[in-house]
Amino acid sequence: MTAGQGIEQRLAQGVVLGAEGYVFELERRGYIKAGPYVPEVVLDFPGAVRELHREFLRAGADVMVALTYYAHREKLRHIGRENDLEAMNRHAVRLAREVAQEGGALVAGNVCNTWAYDPADPATSATVRAQYTEQLGWAVDEGVDFVISETNDYLGEALIALEVTQELGLPAMVTLASTQPDTTRDGYDYVAACRILADHGATIVGLNCDRGPVTMLPLLARIRDAVDCAVAAQPVPYRTSPAMPTMESLRADGVDRVFPLALEPFSCTRFDMAAFAGAARDLGVNYIGVCCGGAPHQVRAMAEALGREVPASKYAPAMELHPILGIAGGAAEANVLAAWNVAG
Ligand SMILES: [Zn+2]
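Following the working numbering, the numbering of the sequence shown begins with 54 at its first residue and continues without gaps.
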């Protein structure tokens, strides 16, 4: 990847690797409160955001996404920090830019579902438009290369984000949430909704969040067939299945509710995510990443599955050097290994 190229030029050259999941990862690290999930960390512990950006960059991410997810007026009002709205949005872009410059990555502004949109109430469209306009206005002011509008439950809300992005003169990547079996919450088949977004001029359309690799891939194949523009796929790294197609629908014996605080037993391994990256590339997906739950070890495995050597590859596994599993072991090590291999 060459510095100075925009998202369109990079897509023309091959797969662009994304990496998200900032909110979940920083919650796990103790910097974001689960529940409201507002990225207060941007102002309260900027070093933690910078570090996670850098970890994703070293793992091979081509895009640093500004952590402005849920940093919109409605959400900040809920936690009593509405006065920090502008500072939080501006500083998030600065942090992303600062780290992107360390590795020639692009910077994406970010907006998401607002929970303020109601297709039955036209007045809410104006509320959403105002929130996106102020957030993305600050993002453009600070300097972003394109905008990611994501986790859109409603096509109508996604179209507002697309229009605001276009008015600002930036390329738009617009991805839908897919919590329901077949349609957006305003009743559009996911594939048809992506086609409408493409027809309205989105540079990239697709899906993010909610579904794991296994249950996102079949939808992606249909989206790929339906549109001519670039397609994005950022699943959650959880082992969803046809019976439990989204992370919200996962159930486990003895656990009251798996989502969002008890998802770990369903985590995809790095190998699962590497396999996903290869499968998505083979389908013709152009922007391949990860959403809530994603972590740098998975992103590195995805980058390497795409044939890349990235800065963190320096510390990629070398199991031949493991004291027991490696090749240099003698009889003592063989005895240890034999003990490890005894099933309970
Ligand atoms: Zn997500």
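Note that the Cβ used here is the ideal one computed from N, Cα and C, for glycine as well. Quick caveat: nothing in here was measured; it's all calculated off a predicted structure.
ask   = Given Met54, which residues of its chain have a CB within under 7 Å of its CB, disregarding the five upstream and five downstream residues?
value = Only weak support exists for where Met54 lies, its pLDDT of 47 falling under 50; the coordinates are left without a value.
ask   = Among Asn339, Tyr241 and Leu316, which one has its Cα closest to the Cα of Asp281?
value = Asn339
query = Terminal residues of the continuous beta strand (DSSP E) containing Met141?
reply = Segment Leu138 to Gly156 is the alpha helix (DSSP H) holding Met141; no beta strand (DSSP E) there.
inquiry  = Below 7 Å, is the gap between the Cβ of Thr186 and the nearest heavy atom of ligand 1?
reply    = No, the beta carbon of Thr186 sits no closer than 7 Å to any heavy atom of ligand 1.
query = Under a criterion of Cβ closer than 5 Å to any non-hydrogen atom of ligand 1, which residues qualify, in chain order?
reply = Cys262, Cys344 and Cys345
query = The alpha helix (DSSP H) with Val267 in it runs from where to where?
reply = Its alpha helix (DSSP H) spans residues Pro266 to Ala279.
query = Can you find at least 3 beta carbon pairs, one from the region 103-120 and one from the region 145-162, that sit closer than 8 Å?
reply = yes
key: Segments assigned alpha helix (DSSP H), at least 4 residues, entirely inside the region 291-357   = For the region 291-357, the continuous alpha helix (DSSP H) assignments of 4+ residues that do not extend past its boundaries occur at 323-336, in sequence order.
task = Could you tell me whether the region 247-256 touches the region 293-305, using the rule of 3 or more Cβ pairs below 8 Å?
result = no
key: CB of Asn163 within 8 Å of CB of Tyr122, strictly   = yes
query = Any idea which residues DSSP pairs Gln287 with across the strands?
reply = The beta-bridge partner set that DSSP reports for Gln287 consists of Asn261.
Exposure label - Phe199; buried when at least 16 CB within 10 Å = buried
ask   = Buried or exposed: where does Gln154 fall if 16 or more other Cβ atoms within 10 Å of its Cβ makes it buried?
value = exposed
message = Measuring alpha carbon to alpha carbon, tell me which residue in Leu273, Val395 and Gly342 is nearest Val68.
response = Val68 has its Cα closest to that of Gly342, out of Leu273, Val395 and Gly342.
task = Evaluate the contact criterion for the region 259-273 versus the region 286-294: three or more CB pairs, one atom per stretch, below 8 Å.
result = Contact between the region 259-273 and the region 286-294 is present, because at least three Cβ pairs lie under 8 Å.
ask   = So Leu316 packs on Met297, CB below 8 Å; how close in whole Å?
value = About 12 Å; that fails the 8 Å criterion.
Which of helix, strand or coil DSSP assigns to Glu73 = coil
Beta-carbon proximity check, Thr177 vs Ala225, cutoff 8 Å = With contacts defined by Cβ atoms closer than 8 Å, Thr177 and Ala225 do not form a contacting pair.
ask   = Are the region 342-357 and the region 325-332 touching, with three or more C-beta to C-beta distances below 8 Å?
value = The region 342-357 is in contact with the region 325-332.
key: Alpha-carbon to alpha-carbon, Gln188 and Cys165   = 11 Å
inquiry  = Taking 8 Å as the threshold (C-beta atoms), are Val91 and Leu79 in contact?
reply    = no
task = Hey, could you find the ends of the alpha helix (DSSP H) Ser202 is sitting in?
result = Segment Phe199 to Asn205 is the beta strand (DSSP E) holding Ser202; no alpha helix (DSSP H) there.
message = Please classify Asn136 as buried or exposed, where buried requires at least 16 neighbouring CB atoms within 10 angstroms.
response = exposed
inquiry  = Just to confirm before moving on: does the CB-CB distance between Thr167 and Glu127 stay below 8 Å?
reply    = yes
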